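Data first, discussion second: the structure below is written as structure tokens.
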Amino acid sequence: MIKEQLNMLINLAASDKSVGEKEAKTIHMIGKANGLTKEEIDAMLKAPKPIGDLSKLTEDQKFENLYHLIQLMKSDGQVFKSEIHFCEEVAEKLGYKKAVVAELSSKIYSDPTITSDRKELIARAHKFLRK
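My numbering applies: residue 299 is where the sequence shown begins, and numbers increase by one.
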């Protein structure tokens, strides 16, 4: 599961045509925290795969993917329209309305060491799930 999630983050990072240094560091940090080696992560960064079927994920997994996606989008201190658009597309594939990205974006910090109130964020995101 973590490889699919990391692959999604890599796709986001590359959506503005290049993976920035801060984005790469964030991807490495998330990958290592989930048991991947530096070599595995580097290989994934060099050859990202298309994003697979996200409909089989649990609601918690969908939220985690969305959370990390938004966090990565903000990690380099610049947010490009292409990144927002990509996040919105992935949010839709995860079963959310596009507006969830704007709703959560202001509450998720780019620094992974600063954690938001996850219960509040999950409740906010839940309102954007398509039934």
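For each residue, glycine too, the CB sits at the ideal point set by N, CA and C. In this text the structure is predicted, and so the values were computed from the model without any measurement.
Give the straight-line distance between the Cα atoms of residue i and residue j, rounded to the nearest whole angstrom.
i, j, result
"Leu-402", "Leu-334", "27 Å"
"Ser-380", "Asn-309", "11 Å"
"Leu-419", "His-383", "20 Å"
"Gly-375", "Leu-352", "28 Å"
"Asn-305", "Ala-311", "10 Å"
"Val-317", "Ala-400", "22 Å"
"Phe-426", "Leu-307", "21 Å"
"Ile-325", "Arg-422", "25 Å"
"Asn-332", "Met-342", "14 Å"
"Glu-338", "Glu-386", "27 Å"
"Lys-429", "Glu-362", "19 Å"
"Met-371", "Ile-406", "10 Å"
Going by DSSP, which residues form a beta bridge with residue i?
i, result
"Leu-427", "Tyr-394"
Compare the beta carbon distance of residue i and residue j with 7 Å and say whether it is the shorter of the two.
i, j, result
"Ser-373", "Lys-320", "yes"
"Val-398", "Ala-389", "yes"
Evaluate residue i with the Cβ neighbour count: other Cβ atoms within 10 Å of its Cβ, from every protein chain shown; 16 or more gives buried, anything less gives exposed.
i, result
"Gly-433", "Residue numbering for the chain in the displayed model covers 299 to 429; residue 433 lies beyond these limits and cannot be assessed."
"Ser-313", "buried"
Are at least three pairs of beta-carbons, each pair with one atom in the region 389-399 and one in the region 342-362, less than 8 Å apart? Taking 8 Å as the limit for Cβ pairs, the verdict is that the region 342-362 does touch the region 389-399.
Taking one C-beta from the region 331-349 and one from the region 357-376 each time, how about it: are there three or more such pairs within less than 8 Å? Three or more Cβ pairs closer than 8 Å define a contact, and the region 331-349 falls short of that threshold against the region 357-376.
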